[in-house]
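K.L.:
I am attaching a structure below and will ask some questions about it afterwards.
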Amino acid sequence: MSSTLLPNVEEEEEDEEEEEDDKETASQAEVKMSQIVMPCHSNHRQELSVGQLLKWIDSTACLAAERHAMSPCVTASMDDIHFEHTIRVAQVVNIRAKVNRAFNTSMEVGILVKCEDLFSDRQWKVCHAFATFVTQRTNAGQKVILKPIVPQTQSELLKHSLAAERRRVRMLHDDIIKDLLSHRSFQQDGSLAAGDAVAAEKTKVESVELVLPPHANHQVNTFGGQIMAWMVNVATIAASRLCQAHPTLRTIDMFTFRGPSQVGDRLLLRAIVNNAFKNSIEVGVRAEAYQEEGPNRHINSAFMIFEVLDDNGKPCILPRLRPEPLEGERRFQEAIARKKIRLDRKYIVSRKQAEVPLSVPFDPRNQVYLSYNNVSALKVLATKNNWRLTSEKDKVQLYTLEQKSMLSFKVEAEVDVPAERAFHLLAELSNRPRWDMHYQKCEQICQVDGDDFLYRVVTPSVQHGSVASSTSASQGEGNLQDFILLASKRKPCDSGDSYVIALRSVSLPTHPPVEGYKRGEVLCAGFTILETKSNMSLISYYNQASPEVLPYISTDIAGLSSSFYNTFCSCSQYLTKYRLQSFSEEQPGQQDRLASTHSPSREGGAERLSETLRSTQL
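At the far end of the sequence shown sits residue 617, using numbering that gives the first Met the number 0, and the numbering has no gaps.
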């Protein structure tokens with residue numbers, strides 16, 4: 000594991016889940032299902048049908064949700080599902096579903112699917128997913144308010160914390176697509192009118208299913224998993240018509256159920272290939288329900304990614320697609336936008352520690368995923384339970400954590416300042432030079448949105464384990480370091496949550512490295528602020544020590560100095576000084592010395608943010 004890369008949040012969660020599996024911890028909101036794959040569950044290749052797997056996943060997740068809610072629940076949405084392996088006849092499918100967090104009337108259910116070979120005693124992961132379930136109203140029409148989940152283990156605490164971040168990404172998903180389409184910052188090689196391209200009309204599929212009692216749940220609503228199984232069926236036919244081969248379903252994009260379907264409904268399923276890339280096909284599917292009388296009701300839309308594998312299991316090169324005029328061209332372009340989003344998620348959210356570089360290029364259109372990764376990485380670090388106390392002075396504690404080749408440290412103490420006030424004071428990074436001697440200068444480049452900001456930070460050089468003075472640095476005794484940081488700030492979602500200020504390095508084309516400054520990188524750093532009692536808060540500062548950061552703290556870890564204590568005392572004094580007093584009351588000209596702030600809204604924000612970045616070039 001390299002110390003120069005951002006953490007793989009999803010891998011962290013899976014590792015914690017496997018450890019928890021070993022301990023066999025019990026939970027009221029957890030359900031396990033095991034099914035042996037029979038020939039009736041399989042396709043022509045003796046592999047488990049993805050549609051059947053989706054039915055089992057939906058049933059297991061629904062049971063977990065209802066166990067927690069103690070009332071009927073329905074599937075509201077499902078996050079992206081990526082199928083890593085296929086499952087063959089006679090193998091066992093083990094599904095585990097557990098409620099990660101309950102909000103007001105909705106809850107997130109985490110699902111892990113593994114395959115077990117009974118003859119070799121081996122298990123491997125097939126996929127994992129996150130589903131959102133909502134409670135149905137009572138007979139009197141009242142909403143059912145869910146009781147909160149109280150995490151008991153480190154793994155549960157991590158999942159509980161990250162669920163709030165995933166919920167935020169879900170709410171912004173449609174806006175990301177709209178931003179990409181409005182700016183058309185993507186293109187696809189090849190002519191749309193190429194003579195060898197397959198006409199999209201040839202891939203159209205339309206099918207009608209009658210919803211019978213076996214297709215419904217105990218609430219007489221059609222199972223969400225059954226609807227998805229029917230959608231997979233027509234999508235597979237559409238993909239097969241393009242490639243003239245048997246395709247393999249790899250990914251289902253995030254989707255939302257727009258309304259219920261009941262026994263007696265006719266489900267009209269339409270599928271068409273939206274776009275064909277070099278090695279993958281995107282198929283769009285739409286499900287509508289109708290009765291003998293009345294209009295069609297839109298139930299669900301989904302986008303499914305297929306591949307065609309050769310005899311060696313490698314993806315084949317696929318035919319190109321010629322879209323239909325107007326609507327077909329719109330679907331064609333939207334498919335490119337969704338592919339970009341999938342690549343962004345893979346590159347930013349799910350990347351592994353062995354990949355480079357640390358500083359992911361910042362783009363207004365990948366900002367949501369960068370922000371998610373920034374906050375999630377800090378939450379993963381904060382929930383670790385094997386921190387070791389290295390030094391303590393006057394109740395200011397320094398902890399270290401060693402994981403393989405990664406060294407992290409935490410400085411923690413309680414201050415007599417309300418948590419909300421401490422959050423607002425520390426979140427204004429431009430004022431950090433007031434109390435942190437390691438911050439010689441901090442300029443706000445721009446405000447991305449209400450929660451995310453970009454800063455350029457200048458720090459003095461490190462000489463023989465000590466920080467050089469700003470005077471010596473300005474005289475050329477050692478280069479200054481600068482960092483381009485993304486600061487993501489989060490308020491608590493529920494009582495008991497911490498305030499979070501997460502920091503990580505990004506790269507900006509408008510702010511390249513400049514002569515006289517060594518460009519440093521921050522892997523994962525930031526504050527968590529927790530309200531402990533009346534007007535008191537516990538402040539914890541975390542940092543995964545990159546080579547540029549480690550020299551600042553190495554002597555403290557070795558016990559040769561206590562600069563961490565002096566820095567934290569300065570921070571405490573700063574918080575106490577401005578506990579009730581605003582900056583403007585102390586120094587009316589302060590705003591003139593801070594970098595100008597630009598605050599684009601989400602709608603059209605990408606374009607204005609790009610203009611802001613260009614105008615603030617160094």
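Where is the CB? At the ideal position from N, CA and C, for every residue including glycine.
Mapping the DSSP letters down to three states, classify Thr618 as helix, strand or coil.
P.N.:
The question about residue 618 has no answer here: the residues shown for the chain are numbered 0 through 617.
K.L.:
Once the 5 residues before and after Lys124 are set aside, which same chain residues still bring their CB inside 6 Å of it?
P.N.:
Lys113
K.L.:
Report yes or no: do the stretch 56–74 and the stretch 213–232 share at least 3 C-beta pairs separated by less than 8 Å?
P.N.:
yes
K.L.:
So for Met170, helix, strand or coil by DSSP?
P.N.:
helix
K.L.:
Can you check DSSP and say which residues form a bridge with Tyr398?
P.N.:
Leu388, Lys409
K.L.:
DSSP state of Cys523, grouped into three classes?
P.N.:
strand
K.L.:
Going by beta carbon distance, what residues of the same chain come within less than 8 Å of Phe302, once the five residues before and after it are set aside?
P.N.:
Ile251, Asp252, Phe254, Asn273, Glu281, Val282, Gly283, Val284, Ala334, Arg337
K.L.:
What's the gap between the Cα of Ser506 and the Cα of Val231?
P.N.:
40 Å
K.L.:
Let me know the secondary structure DSSP gives Glu281 once reduced to three states.
P.N.:
strand
K.L.:
On the criterion of 16 or more Cβ atoms from any shown chain inside 10 Å, does Glu401 qualify as buried, or is it exposed?
P.N.:
exposed
K.L.:
If distances are taken between C-alpha atoms only, which option among Val108, Asn542, Ile35 comes closest to Met405?
P.N.:
Asn542
K.L.:
According to DSSP, simplified to helix, strand and coil, what is Ala353?
P.N.:
Confidence at Ala353 is low in this model, with a pLDDT of 43, below 50, so its placement is unreliable and the value that follows should be read with caution. In the structure shown, Ala353 sits in coil (DSSP, three-state: anything other than H, G, I, E or B).
K.L.:
Can you look up Leu209 in the DSSP assignment and give me helix, strand or coil?
P.N.:
strand
K.L.:
Would Val513 and Phe482 qualify as a contact pair, given that the criterion is a beta-carbon distance under 7 Å?
P.N.:
no
K.L.:
Could you tell me if Cys315 is buried or exposed, where buried requires 16 or more neighbouring beta carbons within 10 angstroms of its beta carbon?
P.N.:
exposed
K.L.:
How many Å lie between Arg121 and Gln45 at the Cα?
P.N.:
19 Å
K.L.:
Express the C-alpha separation of Val447 and Phe361 in angstroms, rounding to a whole number.
P.N.:
11 Å
K.L.:
By Cβ distance below 8 Å, which residues in the same chain neighbour Ser239 in space, the five residues on each side in sequence not counted?
P.N.:
His245, Pro246
K.L.:
Below 8 Å on the Cβ atoms is my contact criterion, and I expect Ser390 with Leu380 to pass it. Report the Cβ-Cβ distance as a whole number of Å.
P.N.:
Not a contact, Cβ separation roughly 19 Å.
K.L.:
Whose CA, out of Ala68, Asp78, Asn278, lies closest to the CA of Ile56?
P.N.:
Asp78
K.L.:
Measuring only the C-alpha atoms, how far is Lys313 from Ser504?
P.N.:
Taking the straight line joining both Cα atoms gives about 36 Å.
K.L.:
Drop a sphere of 10 angstroms on the beta-carbon of Gly258, count the other beta-carbons inside from all chains shown, and report buried for 16 or more, exposed for fewer.
P.N.:
exposed
K.L.:
Assign Phe118 to buried or exposed, taking buried as 16 or more other Cβ atoms, counted over all protein chains shown, within 10 Å of its Cβ.
P.N.:
The residue in question, Phe118, is exposed, as its Cβ has fewer than 16 Cβ neighbours within 10 Å.
K.L.:
Helix, strand or coil: which one does DSSP assign to Arg121?
P.N.:
Looking at Arg121 - three-state DSSP - the assignment turns out to be strand.
K.L.:
Is the beta carbon of Arg344 less than 7 Å from the beta carbon of Tyr368?
P.N.:
Cβ distance < 7 Å, so Arg344 and Tyr368 count as in contact.
K.L.:
How far does the alpha helix (DSSP H) with Lys576 in it reach, from first residue to last?
P.N.:
562–576
K.L.:
With the cut-off set at 7 Å, would you say Lys378 and Ser160 are in Cβ contact?
P.N.:
Closer than 7 Å, so yes.
K.L.:
Expressed to the nearest angstrom, what Euclidean distance is found between the alpha-carbon atoms of Gln135 and Ala198?
P.N.:
If I take the Cα positions, the gap works out to 44 Å.
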